[in-house]
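A.B. asks:
In full-length UniProt numbering, the protein residues as written are 1 to 358.
#1: By how many angstroms is the C-alpha of residue 199 removed from the C-alpha of residue 275?
#2: The alpha helix (DSSP H) with residue 230 in it runs from where to where?
#3: Contact between the region 90-98 and the region 11-21: three or more CB pairs below 8 Å?
#4: Can you name, in chain order, every residue of its own chain whose Cβ lies under 6 Å from the Cβ of residue 197, other than the five neighbours on each side?
#5: Taking only three categories from DSSP, how would you classify residue 9?
#6: Going by the beta-carbon positions, is the gap between residue 138 and residue 60 smaller than 8 Å?
#7: Is residue 303 closer than 8 Å to residue 234 when the C-beta atoms are compared?
#8: Kindly list the residues whose CB is nearer than 6 Å to the CB of residue 221, restricted to its own chain and excluding five residues on each side of it in sequence; keep chain order.
#9: Contact between the region 204-216 and the region 248-257 is defined here as three or more beta-carbon pairs at a separation below 8 Å; is this criterion met?
#10: Based on DSSP bridge pairs, tell me the residues matched to residue 238.
#11: Going by other Cβ atoms of all chains shown within 10 Å of its Cβ, with 16 needed for buried, is residue 2 buried or exposed?
#12: Would you say residue 156 and residue 168 are within 8 Å of each other, going by their C-beta atoms?
#13: Go ahead and pull the three-state DSSP assignment for residue 221.
#14: Below 8 Å, can you find three or more Cβ-Cβ pairs linking the region 70-86 to the region 303-312?
#15: Here's the rule: buried if 16 or more other CB atoms are within 10 angstroms of the residue's CB, otherwise exposed. What is residue 313?
#16: Please name the residue in 205, 4, 240 whose C-alpha comes closest to that of residue 55.
#17: To the nearest angstrom, how far is it from the Cα of residue 80 to the Cα of residue 230?
#18: For residue 240 and residue 287, which I take to be in contact (beta-carbon distance under 8 Å), what is that distance rounded to the nearest angstrom?
#19: Could you tell me the alpha carbon to alpha carbon distance between residue 219 and residue 183, rounded to whole angstroms?
#20: Within its chain, find whatever has a CB closer than 8 Å to the CB of residue 131; leave out the 5 residues flanking it on each side and keep chain order.
#21: Grouping DSSP H, G and I as helix and E and B as strand, with all else coil, what is residue 213?
#22: Could you name the residues of the same chain whose beta carbon sits closer than 7 Å to that of residue 128, not counting the 5 residues immediately before and after it, in chain order?
#23: Hey, how far is the Cα of residue 177 from the Cα of residue 85?
#24: In or out: residue 297 buried (at least 16 other Cβ within 10 Å) or exposed?
This is the structure we're talking about:
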């Protein structure tokens, strides 16, 4: 809540010092290897890269919503509005800083440093300190929600004996320091290259997840089967590995990863580079199409054995929260004890009545 006002204040100060948007310098320059259209695609690719962690880990965050609609409209408005506004402020501030100080500052820290060097007063130093503090807190909060929490949730699911969500978050922090992320922000080009390379690997994952849920399974996830380790379970696949997904992911990555070198090597093949500039769109589409093709060749049954004749209409299990209406089983804790769903509901009702009576 405190970060947006601070960013807007910095934006207003820079534009005020520059005399508004009309006084901004036009940063000219063209690239012989990139037209305006391809530059636009690079921008789309970079933006998709910046929000892809939230897209891929959406289930980890949206599960805290009270209703499905709460997660829908809020994310749609919040992400698209904030991204557009932040990009506009960044472009305007870079252009204005070029006119004021002769350098187009793309990095927030460099911009604040230029303001401080130009106005070394007690008030300016206090304002810059508070702005840096708020920005640092915003970075920490963003990483906790977008990176640490999903990693903690995934590690808890994969290795429950060794990890819980807090341990997984600490592990994520340690690993992130080993990757020296500050080197990714040495220059604007290096940062954009990192965002572009990230979507190469994440794009197919997002496409496969959406295709699997919306088209292949039609929104039907049988909750008890998620905890069934037996080979006849609908989520066991081949020895616990869904080869359809892995195959589609490899193809989705392979079709664009060869252009990654083009972002670092100016002598790379132009066709390869242009395919890489389509990174997210191309890898997302390729992964989705091939996964759908593999599921057509080797069909996936969304329901467990004995329930194959259940209607496959969209979100058929939604009304019962992923359970069948009768005769279904749930697995409690780690004891492996299976209990009829009706019994669980009776226990829950009894517990609620006890609380009300108390």
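Think of the CB as a built atom: it goes at the ideal place given N, C-alpha and C, for glycine as much as any other residue.
C.D. replies: The structure says:
#1: Spanning the two alpha carbons is a distance of roughly 13 Å.
#2: Segment: none, residue 230 is in no alpha helix (DSSP H) and carries neither H nor E.
#3: The answer is yes - the region 11-21 touches the region 90-98, with three or more Cβ pairs under 8 Å.
#4: By the criterion of a C-beta distance shorter than 6 Å, residue 197 is surrounded in its chain by 260, once the five residues flanking it on both sides are discounted.
#5: Helix.
#6: No, these two residues do not count as a Cβ contact at 8 Å.
#7: Cβ distance < 8 Å, so residue 234 and residue 303 count as in contact.
#8: Excluding positions up to five away in sequence, the list reads 322.
#9: Here the region 204-216 lies against the region 248-257, with 3 or more beta-carbon pairs under 8 Å apart.
#10: Looking at the DSSP output, residue 238 shares a beta bridge with 241.
#11: In this structure residue 2 is exposed. Its beta-carbon is surrounded by fewer than 16 other beta-carbon atoms within 10 angstroms.
#12: Between residue 156 and residue 168, the C-beta spacing is below 8 Å.
#13: Secondary structure at residue 221: coil, using DSSP grouped into helix, strand and coil.
#14: Look at the beta carbons and you see the region 70-86 not touching the region 303-312: under three pairs across the two are nearer than 8 Å.
#15: When all chains shown are included, residue 313 counts as exposed.
#16: In terms of CA proximity to residue 55, 205 leads the group 205, 4, 240.
#17: Cα to Cα, residue 80 sits roughly 43 Å from residue 230.
#18: The distance from the Cβ of residue 240 to that of residue 287 is about 21 Å, inconsistent with a contact at the 8 Å cut-off.
#19: Cα to Cα, residue 219 sits roughly 41 Å from residue 183.
#20: Within the same chain, residue 131 has close Cβ partners 6, 9, 10, 112.
#21: Correct three-state label for residue 213: helix.
#22: Counting only Cβ-Cβ distances below 7 Å, and skipping sequence neighbours, we find 112, 115, 116.
#23: Rounded to the nearest angstrom, the two C-alpha atoms are 30 Å apart.
#24: It counts as exposed.
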